[in-house]
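2 protein chains.
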Amino acid sequence: MQYEIKTPRTRNGKATFKLIVDTAIDLFYKKGYFNTTISDITGTAGIAAGTFYLYFPNKLALYKYVLTDFQHDIRKRISEKVATVNGRFEKEKEGIKTFINYVIENPHSYNIIWESLYIDKQLFINYYDGFAKRYERGLKQSIADDEMYDVDTELVSYILMGVTNFIGLKILLDLG
Amino acid sequence: MQYEIKTPRTRNGKATFKLIVDTAIDLFYKKGYFNTTISDITGTAGIAAGTFYLYFPNKLALYKYVLTDFQHDIRKRISEKVATVNGRFEKEKEGIKTFINYVIENPHSYNIIWESLYIDKQLFINYYDGFAKRYERGLKQSIADDEMYDVDTELVSYILMGVTNFIGLKILLDLG
DNA sequence: CAAATATATGAGGACTCATTCATAATATGA
DNA sequence: TCATATTATGAATGAGTCCTCATATATTTG
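Take a look at the structure:
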C-alpha cells in the first residue's frame, strides 16, 4: 500500500487540501476515525468524492498526516516553554502546564493521538517512546546537575507522563 | 436499537455462547473492535453466521457484554486485595500491584476497556468516574484516620489512576 | 493565445459486511 | 414416543463504502 500524499501547487489546491484536513480533524474528533467515512469528509467539506483522491490515497494516509502534525506541534510547544525556565521542578511544572493548556486549546489533538493505539499501534508506540526518551534525557541531566535525587529515570518519566496524560484526559472529558 | 442479549438454555447453547465471547475477546484484542467483523468472529469460532444472532443482536451488544464483565472482574479483584492490608500506603501499593498484575494476566481487558473511549465515550466515562469515586472514598477515609495529609482527593485519585494506568500501558506495549 | 498542467466532478463498478429467513437438526419434557 | 422448544445452518438480500475514470474547468507558463 502507498501512503503518498500529493501536495497542492496552486492557491486553490492549497485551500482544498486544508479544507480536507480541517474537516477530517473535526470529524475524527467528533465521530472517531473508524466512524468517519471518506464520503463524510468530502460531503461535509462540500467537495466531490474524487477530489479527495487528488491529494490522499486513502483515509489512513490522511490520518497519519494529521497525527504527525499534532505530534510535532505539541513537542515543539513543550520544549520551547520548558527551555524558558530553570531547575527540574520548574521545568516539570512548565511541561505539565504547557501540555494541559495544549489539551484545553486543542482537544482534537489529544483524542486523535490516543486513538492511534487502535489504528496503528506502532504509531502510538513511536510517539510515546519518543516522548519518554526526551523526558528521560531531561531527568538524567537534572540528576547530573544535582537538582534531584538519583531516581530510576525510565520509571519516573512514565509516571510523570501518566499523571499528565490522565489529568489531560480528565479535563478533556469534563469539557465534552 | 435494542441491545438485548439472549442467554442460552441448554448445555450446547452455553458452550456456543462462551465460544462467541471468547473468540470476540481474542479478536478485539488482536485486531481492535472496528477491524473485527461479525464474520470474523463466526468464522474463527467455526459457527454459522446466523448462530451469532441467536444470542447477540449486533457487535456492540457483544462488546458491552465483554466490557462489563471485565470491569466487574477488575474492580472485584482490587477491592478484595486492598481489604487484606492496613494503612493507606499499604493499600495503595496493593491496589497498584493488583491492577498491574491484572493487566499482565489479562492484557485483553486493558485494551478493551480503553478502546471504549472510541466506541462509546459514555461507557468509558462511567467506568473511570466510578473508579475515581471509589478511590476518593478510600483516600477520604485515610485522611479521616490520620493516615495521610489532607490532600485534594479528586486530584490525587486521578494522579494515582494516571500513574497506574500508564505503567499498565507501558507493560502492555512491552509485552506485545 | 495556445499548450500544458493542475484541479474538480460525480456516476458507476466492485466489494465487503450485517442481517434475515426458510430449513433442519437436536434436545427436552410430558 | 411425540410435540415443543432450542439450537444451528448458510445462501440470499440489501445497504453502504471505496475508489476509478471519463470528462470538464481553471490556471499557469512559454
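Protein chains in written order, with this note's numbering: chain A, 1 to 176; chain B, 1001 to 1176.
Beta carbons are placed, not taken as given, at the ideal position from N, Cα and C, and that holds for glycine.
Starting from A/K6, follow the alpha helix (DSSP H) in both directions and report where the run begins and ends.
The residue labelled residue 6 of chain A in the question sits at position 6 within the first sequence. No alpha helix (DSSP H) contains A/K6, which DSSP labels as neither H nor E.
For chain B, find out if any of its Cβ atoms is closer than 9 Å to the Cβ of A/N58; answer yes or no.
Position 58 of the first sequence, counting from 1, holds the residue named residue 58 of chain A. No - not a single Cβ of chain B is within 9 Å of the one on A/N58.
Is there at least one Cβ from chain B nearer than 9 Å to A/V163's Cβ?
The residue you call residue 163 of chain A lines up with position 163 of the first sequence. With 9 Å as the cut-off, A/V163 counts as an interface residue toward chain B.
Please check if any C-beta of chain A sits within less than 9 Å of the C-beta of B/L1027.
Counting from one through the second sequence, the residue named residue 1027 of chain B turns up at place 27. Not one chain A Cβ lies under 9 Å of B/L1027.
So B/I1113 and B/Y1127 are supposed to be a Cβ contact under 8 Å. How far apart are they, rounded?
Counted from its first residue, the second sequence places residue 1113 of chain B at position 113. Counted from its first residue, the second sequence places residue 1127 of chain B at position 127. Confirmed, Cβ separation roughly 7 Å.
Whose Cβ in chain B lies nearer than 7 Å to the Cβ of A/G32?
By one-based count along the first sequence, residue 32 of chain A stands at place 32. Near A/G32 (Cβ distances below 7 Å), the residues of chain B are Y1118.
For the putative contact between B/Y1158 and A/K170, defined by C-beta atoms under 8 Å, what is the C-beta separation to the nearest angstrom?
Against the second sequence, residue 1158 of chain B aligns to sequence position 158. Against the first sequence, residue 170 of chain A aligns to sequence position 170. Between A/K170 and B/Y1158 the Cβ distance is about 5 Å, and since that is below 8 Å, they are a contact.
Here's the rule: buried if 16 or more other CB atoms are within 10 angstroms of the residue's CB, otherwise exposed. What is A/L175?
Along the first sequence, one-based indexing puts residue 175 of chain A at 175. Exposed, by the Cβ-count rule.
Smallest Cα separation from B/K1097: which of B/Y1118, B/M1161 and B/V1151?
For this step, residue 1097 of chain B is matched to residue 97 along the second sequence. Cα-wise, what sits closest to B/K1097 is B/M1161.
Would you mind reading off the limits of the alpha helix (DSSP H) that contains A/F166?
Here the question's residue 166 of chain A lines up with position 166 in the first sequence. Its alpha helix (DSSP H) spans residues T153 to L175.
Can you tell me where the alpha helix (DSSP H) with B/F1193 in it begins and where it stops?
With chain B running from 1001 to 1176 in the structure shown, residue 1193 of chain B is simply not present.
I want to verify the contact list: residues of chain A whose CB lies under 7 Å from the CB of B/K1170, in sequence order.
Within the second sequence, the letter at position 170 stands for residue 1170 of chain B. Y158, listed in chain order.
For A/V85, which three-state DSSP category applies?
For the purposes of this step, residue 85 of chain A is taken as the residue at position 85 of the first sequence. In the structure shown, A/V85 sits in coil (DSSP, three-state: anything other than H, G, I, E or B).
Express the C-alpha separation of A/T23 and A/T42 in angstroms, rounding to a whole number.
Counting from 1 along the first sequence, the entry for residue 42 of chain A is found at position 42. Counting from 1 along the first sequence, the entry for residue 23 of chain A is found at position 23. Answer to the nearest angstrom: the Cα atoms are 8 Å apart.
Tell me which residues share the same chain as A/S39 and place their Cβ nearer than 8 Å to its Cβ, disregarding the 5 neighbours each side in the sequence.
By 1-based counting over the first sequence, the position of residue 39 of chain A is 39. The residues are A49.
Less than 9 Å separating the beta-carbons of B/P1008 and B/Y1065?
Translated into positions along the second sequence, residue 1008 of chain B becomes position 8. Translated into positions along the second sequence, residue 1065 of chain B becomes position 65. Contact flag unset, no.
List the residues of chain B whose Cβ lies closer than 8 Å to the Cβ of A/F99, in chain order.
Against the first sequence, residue 99 of chain A aligns to sequence position 99. Those do not exist, as A/F99 stays about 12 Å from chain B at its closest Cβ, beyond 8 Å.
At a Cβ threshold of 9 Å, is B/E1115 touching chain A?
In the second sequence, residue 1115 of chain B corresponds to position 115, counting from 1. Chain A contact via Cβ: present.
Below 8 Å on the Cβ atoms is my guess for B/A1045 versus B/I1025; work out the distance and round it to an integer in Å.
On the second sequence, residue 1045 of chain B is found 45 positions in, with the first residue counted as 1. On the second sequence, residue 1025 of chain B is found 25 positions in, with the first residue counted as 1. With 8 Å as the limit, B/A1045 and B/I1025 do not qualify as a contact, their Cβ atoms being about 11 Å apart.
Hey, which unbroken runs of the alpha helix (DSSP H) at 4 residues or more fall wholly within the stretch 1045-1072 of chain B?
With a minimum length of 4 residues, the continuous alpha helix (DSSP H) runs that stay inside the stretch 1045-1072 of chain B are 1049-1055.
On the criterion of 16 or more Cβ atoms from any shown chain inside 10 Å, does B/I1005 qualify as buried, or is it exposed?
Locating residue 1005 of chain B in the second sequence gives position 5, where the first residue counts as 1. Exposed: under 16 other Cβ atoms inside 10 Å.
Could you tell me the alpha carbon to alpha carbon distance between A/V151 and B/I1078, rounded to whole angstroms?
Here the question's residue 151 of chain A lines up with position 151 in the first sequence. Here the question's residue 1078 of chain B lines up with position 78 in the second sequence. If I take the Cα positions, the gap works out to 28 Å.
Quick check on the burial criterion: 16 or more other C-beta atoms within 10 angstroms. Buried or exposed for B/K1091?
Walking along the second sequence from the start, residue 1091 of chain B turns up at place 91. Under this definition B/K1091 is a buried residue.
Taking buried to mean at least 16 other C-beta atoms within 10 Å of its own C-beta, is B/N1086 buried or exposed?
Position 86 of the second sequence, counted from the start, is the residue given in the question as residue 1086 of chain B. Exposed, because fewer than 16 other Cβ atoms sit within 10 Å of the Cβ of B/N1086.
Can you tell which of A/K59, A/I100 and A/L62 has the C-alpha that lies nearest to the C-alpha of A/R75?
For the purposes of this step, residue 75 of chain A is identified with residue 75 of the first sequence, where counting begins at 1. The option with the nearest alpha carbon to A/R75 is A/I100.
Residues in the same chain with beta-carbon distance under 8 Å from A/E115, minus the five sequence neighbours each way, listed in chain order, please.
Residue numbering aside, residue 115 of chain A sits at position 115 when the first sequence is read from its first letter. These residues qualify, in order along the chain: F28, G32 and Y33.
Is it buried or exposed for A/G204, if we count other Cβ within 10 angstroms and need 16 for buried?
Nothing about residue 204 of chain A can be read from this structure; chain A reaches only from 1 to 176.
If you draw a straight line from the alpha carbon of B/L1163 to that of B/F1052, how long is it in whole angstroms?
Within the second sequence, residue 1163 of chain B is the residue found at index 163, counting from 1. Within the second sequence, residue 1052 of chain B is the residue found at index 52, counting from 1. Here residue 1163 of chain B is Val; the residue named in the question, Leu, does not match the sequence. One C-alpha to the other measures close to 39 Å.
Where do the ends of the alpha helix (DSSP H) carrying A/F17 lie?
Counted from its first residue, the first sequence places residue 17 of chain A at position 17. A/F17 -> alpha helix (DSSP H) spans R11 to K31.
Shorter than 9 Å from the beta carbon of B/F1070 to some beta carbon of chain A?
Along the second sequence, read from residue 1 onward, the residue named residue 1070 of chain B stands at position 70. It does not: the Cβ of B/F1070 has no partner Cβ on chain A nearer than 9 Å.
Output needed in chain order: residues of the stretch 1121-1132 of chain B with a Cβ under 9 Å from some Cβ in chain A.
Taking 9 Å as the Cβ-Cβ cut-off against chain A, the residues of the stretch 1121-1132 of chain B that qualify are K1121, F1124, I1125, Y1128, D1129 and A1132.
Considering only C-alpha positions, which residue in the set B/T1036, B/N1035 and B/L1067 is nearest to B/Q1122?
Reading the second sequence from its first residue, position 122 is the one you call residue 1122 of chain B. Checking every option, the nearest Cα to that of B/Q1122 belongs to B/L1067.
Using beta carbons (cut-off 9 Å, strictly below), is B/L1054 in contact with chain A?
Residue mapping note: residue 1054 of chain B aligns to position 54 of the second sequence, counting from 1. False, the Cβ-Cβ gap to chain A never drops below 9 Å.
Could you give the distance in angstroms between the alpha-carbon of A/F89 and the alpha-carbon of A/R137?
For this step, residue 89 of chain A is matched to residue 89 along the first sequence. For this step, residue 137 of chain A is matched to residue 137 along the first sequence. Those two C-alpha atoms are separated by around 15 Å.
When you compare the CB of A/L173 with every CB in chain B, is at least one pair closer than 9 Å?
To locate residue 173 of chain A, count along the first sequence from 1; it is residue 173. It does: the Cβ of A/L173 has a partner Cβ on chain B nearer than 9 Å.
So with Cβ pairs under 9 Å, would you call A/I74 a contact of chain B?
Here residue 74 of chain A refers to the residue found at position 74 when the first sequence is read from its first residue. Not closer than 9 Å to any Cβ of chain B, the Cβ of A/I74 fails to qualify, so no.
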